[in-house]
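Notes follow the structure.
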Amino acid sequence: GQQVMQIPQYQHVQEGEDFTTYCNSSTTLSNIQWYKQRPGGHPVFLIQLVKSGEVKKQKRLTFQFGEAKKNSSLHITATQTTDVGTYFCAGPNGYGKLTFGQGTILTVHP
Amino acid sequence: DAGITQSPRHKVTETGTPVTLRCHQTENHRYMYWYRQDPGHGLRLIHYSYGVKDTDKGEVSDGYSVSRSKTEDFLLTLESATSSQTSVYFCAISHKQGAAYEQYFGPGTRLTVT
């Protein structure tokens, strides 16, 4: 079945440093979604990418969808302590379902 | 946040007892999901529903059953709880937004099986 892999599993950064997490799918995706989960919280939808090579920005967050629609990345510029949490990518897997990556846990040291 | 509640929020139970978790939504969304979250495994789909009385298995469905008798409620039952089912359980709902199904999650239920 479809697999969605995310790296790294953990990332520790100093506040102000940049951060990137990568997502790779075993199959071509019609779209990819990103979610953020704060410590002790629930996953919250951030964005979806649909087009090959698409780039979207949300303030300091930049999301990219690969040309082959099998990979994606999330880049955070100048991290802040409010960025801590786990970032998940997810790809569609059948009608109405998503397959989630394992997530990248981001720690930001002040 | 979407109108999703889960009950109970925390539960401790003994091995071998049945447990039912409830998910309630006020958004009238068609699709509902149950996930479990364990360290290193991300979110794994247990069961999902695409309408009243329409449910299907996810990737980790063994030992779990579900029911959906009303649009707003999706119940997850652990027929005979085991220690391996100690986890955080999230309910989610979704509807189609363009080409994709964005999912909205409930606050989670932390279940401990002793």
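So the protein sequences, as listed, match chains A and B.
Numbered by the numbering used here, the letters in the first sequence go through residues 44 to 153 in order.
Numbered by the numbering used here, the letters in the second sequence go through residues 2 to 115 in order.
Virtual Cβ for every residue (Gly too), placed ideally from N, Cα, C.
It should be emphasised that the depicted structure is a prediction, and the values quoted were computed from it without experimental measurement.
Helix, strand or coil at residue i [DSSP, three-state]
{"i": "A:Gln80", "result": "strand"}
{"i": "B:Ser62", "result": "coil"}
{"i": "B:Ser8", "result": "strand"}
{"i": "A:Ser73", "result": "coil"}
{"i": "A:Thr125", "result": "helix"}
{"i": "B:Ser81", "result": "coil"}
{"i": "B:Gln86", "result": "helix"}
{"i": "A:Val93", "result": "coil"}
{"i": "A:Lys102", "result": "coil"}
{"i": "A:Gln145", "result": "coil"}
{"i": "A:Pro153", "result": "coil"}
{"i": "B:Arg31", "result": "coil"}
{"i": "B:Glu103", "result": "strand"}
{"i": "B:Pro40", "result": "coil"}
{"i": "B:Lys71", "result": "strand"}
From the options, residue whose alpha carbon lies closest to that of residue i
{"i": "B:Arg45", "options": "B:Tyr32, B:Cys24 and B:Gly59", "result": "B:Gly59"}
{"i": "A:Pro135", "options": "A:Gly146, A:Lys112, A:Leu149 and A:His152", "result": "A:Lys112"}
{"i": "B:Val61", "options": "B:Lys71, B:Gln86 and B:Asp74", "result": "B:Gln86"}
{"i": "B:Glu103", "options": "A:Glu60, A:Gln123 and A:Leu92", "result": "A:Leu92"}
{"i": "B:Leu76", "options": "B:Thr21, B:Tyr105, B:Gly4 and B:Gly107", "result": "B:Thr21"}
{"i": "A:Phe143", "options": "A:Leu149, A:Glu60 and A:Leu72", "result": "A:Leu72"}
{"i": "A:Thr147", "options": "A:Glu60, A:Gln107, A:Gly44 and A:Trp77", "result": "A:Trp77"}
{"i": "A:Ser95", "options": "A:Gln101, A:Lys102, A:Phe108 and A:Pro86", "result": "A:Phe108"}
{"i": "B:His30", "options": "B:Thr115, B:Tyr105, B:Val114 and B:Thr110", "result": "B:Tyr105"}
{"i": "B:Tyr65", "options": "B:Cys24, B:His48 and B:Lys71", "result": "B:His48"}
{"i": "B:Ile5", "options": "B:Val67, B:Ala93, B:Thr78 and B:Leu79", "result": "B:Ala93"}
Chain-ordered neighbours of residue i on chain B, where CB pairs are closer than 8 angstroms
{"i": "A:Gln107", "result": "In chain order: nothing, as chain B lies at least about 17 angstroms away."}
{"i": "A:Phe88", "result": "Glu103, Gln104 and Tyr105"}
Cutoff 6 angstroms; reference residue i; Cβ partners in own chain excluding five residues on either side
{"i": "A:Ser68", "result": "Val47, Lys113 and Gly134"}
{"i": "A:Pro153", "result": "Glu58 and Thr124"}
{"i": "A:Ile119", "result": "Phe62, Arg103, Leu104 and Asp126"}
{"i": "A:Ile50", "result": "Tyr65"}
Run of the beta strand (DSSP E) containing residue i, from where it starts to where it stops
{"i": "B:Arg111", "result": "Thr110 to Val114"}
{"i": "A:Asp61", "result": "Note, A:Asp61: premise wrong, no beta strand (DSSP E); not H, not E."}
{"i": "A:Ser115", "result": "Asn114 to Ile119"}
{"i": "B:Arg50", "result": "Note that residue 50 of chain B is Ser in the sequence shown here, rather than Arg. Looking at the DSSP string, the run of the beta strand (DSSP E) that includes B:Ser50 is Gly43 to Gly52."}
{"i": "A:His55", "result": "Tyr53 to Gln57"}
{"i": "B:His25", "result": "Val20 to Gln26"}
Partner residues on chain B for residue i, Cβ-Cβ distance less than 9 angstroms
{"i": "A:Tyr65", "result": "Simply none; closest approach about 15 angstroms."}
{"i": "A:Asp131", "result": "The amino acid occupying residue 131 of chain A in the given sequence is Phe; Asp does not appear at that position. Going along chain B in sequence order, the residues near A:Phe131 (Cβ under 9 angstroms) are Gly43 and Leu44."}
Neighbour list for residue i in chain A, Cβ cutoff strictly below 8 angstroms
{"i": "B:Ser95", "result": "Gly139"}
{"i": "B:Asp101", "result": "The question names Asp, but residue 101 of chain B is Ala in the sequence shown. Here the neighbours are Ser73, Asn74, Gln76, Gln91, Val93 and Pro135."}
{"i": "B:Tyr32", "result": "Gly139"}
Listed by chain order, chain A residues near residue i by CB distance under 7 angstroms
{"i": "B:Glu28", "result": "By Cβ distance, chain A contributes nothing, its closest Cβ being about 13 angstroms from B:Glu28, past 7 angstroms."}
{"i": "B:Leu46", "result": "Lys140"}
Chain-ordered neighbours of residue i on chain B, where CB pairs are closer than 7 angstroms
{"i": "A:Gln145", "result": "Gly41, His42 and Gly43"}
{"i": "A:His85", "result": "Phe91, Phe106, Gly107, Pro108 and Gly109"}
Close Cβ partners of residue i (< 7 angstroms) along its chain, the five nearest in sequence each way excluded
{"i": "B:Ser88", "result": "Arg37, Gln38, Asp39 and Leu112"}
{"i": "A:His55", "result": "Thr150 and His152"}
{"i": "A:Glu60", "result": "Thr122"}
{"i": "B:Pro9", "result": "Thr110"}
Same chain, Cβ closer than 8 angstroms to residue i, five either side skipped, listed in chain order
{"i": "A:Val127", "result": "Arg81, Pro82, Leu149, Thr150 and Val151"}
Neighbour list for residue i in chain A, Cβ cutoff strictly below 9 angstroms
{"i": "B:Tyr51", "result": "Tyr138 and Gly139"}
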